[in-house]
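Visitor: Position one of the sequence shown corresponds to residue 1 (UniProt numbering), numbered consecutively onward.
C-beta: ideal position from N, C-alpha, C; glycine also.
Here it is, the structure, as C-alpha cells.
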Amino acid sequence: MPELKFTQWFLQFLPLIGYHHVLMVFIGIAIILLSLLLAGCSSSSPEIPTIFLISLFYEKYEPVIDPAIVAPSINIAMNNIVGGAQVEVRVGYFGICVQPTGGAFICNSNATALADILQSEEDPLNLVWVAATFKDAVVFPYLMYV
C-alpha cells in the first residue's frame, strides 16, 4: 500500500518538474565533479592522488623485433635505458603526484621538488619533466571559469 501512495505522489509531482530543474541538477553534478577534478593531485591525502588527468608510467616489455621496423636496435636500446624503472607520475590541474618504486604517492605543485626525490635510475626518461611540461603547456584550468 505505501508503494501505491508513493506512485500517486510521484505522478502528481512529475508535471511540476520543469526542463530547467533537470538542467540545474546536471549543472550541480558537473560543478561537484569539476571541483573534485580541480582538487586532484594537489595534496597527498589518501584519495586525492586517485583523481588525475593523465598517468605516465614505465612498463616492462620484451622488445618487438619486426621486419617492418627500420631500426630495431632503438627498441632494444630503449628497453635497456628504462631497465626496471617503476615510477608512476600523475598530473592534475594544479599539481603532480609521483609514486617512486611502488611506494605512496607524493604530490606537489613544484615538479623540481618531486624530481629531487627521485634517483636518476628511477626516472631515466624524465617522466616528471614530461608531466610538468604537459601541466604547464596543455592544461589550462582557468578556461573553466569563463
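What number of angstroms, rounded off, separates the C-alpha of residue 43 from the C-alpha of residue 113?
Guide: 14 Å
Visitor: With DSSP as the reference, please indicate the residues paired to residue 57 in a beta bridge.
Guide: 88.
Visitor: Around the C-beta of residue 105, are 16 or more other C-beta atoms found within 10 angstroms, so that it is buried, or is it exposed?
Guide: buried
Visitor: What runs of the beta strand (DSSP E), each 3 residues or longer, lie entirely inside the stretch 75-123?
Guide: 88-91, 96-99, 106-108
Visitor: Would you decide whether residue 123 is buried or exposed? Buried here means 16 or more other CB atoms lie within 10 Å of its CB.
Guide: Taking a 10 Å sphere around the C-beta of residue 123, we find 16 or more other C-beta atoms and assign the residue as buried.
Visitor: Let's see if you can read the secondary structure: which residues bound the alpha helix (DSSP H) around residue 134?
Guide: Residue 134 -> alpha helix (DSSP H) spans 127-137.
Visitor: Under three-state DSSP, which class holds residue 27?
Guide: Helix, per DSSP.
Visitor: Is the stretch 15-30 touching the stretch 56-65 in the sense that three or more CB pairs, one from each, lie closer than 8 Å?
Guide: no
Visitor: Would you call residue 2 buried or exposed, if buried means 16 or more other Cβ atoms sit within 10 Å of its Cβ?
Guide: exposed
Visitor: I'd like the list of long-range same chain contacts for residue 108, defined as Cβ closer than 7 Å, with 5 residues on each side in sequence excluded.
Guide: 95, 96, 114
Visitor: Could you give the distance in angstroms between the alpha-carbon of residue 77 and the alpha-carbon of residue 125?
Guide: 12 Å
Visitor: Just verifying my parser: in three-state terms, what is the DSSP assignment at residue 10?
Guide: helix
Visitor: For residue 3, which of helix, strand or coil comes out of DSSP?
Guide: helix
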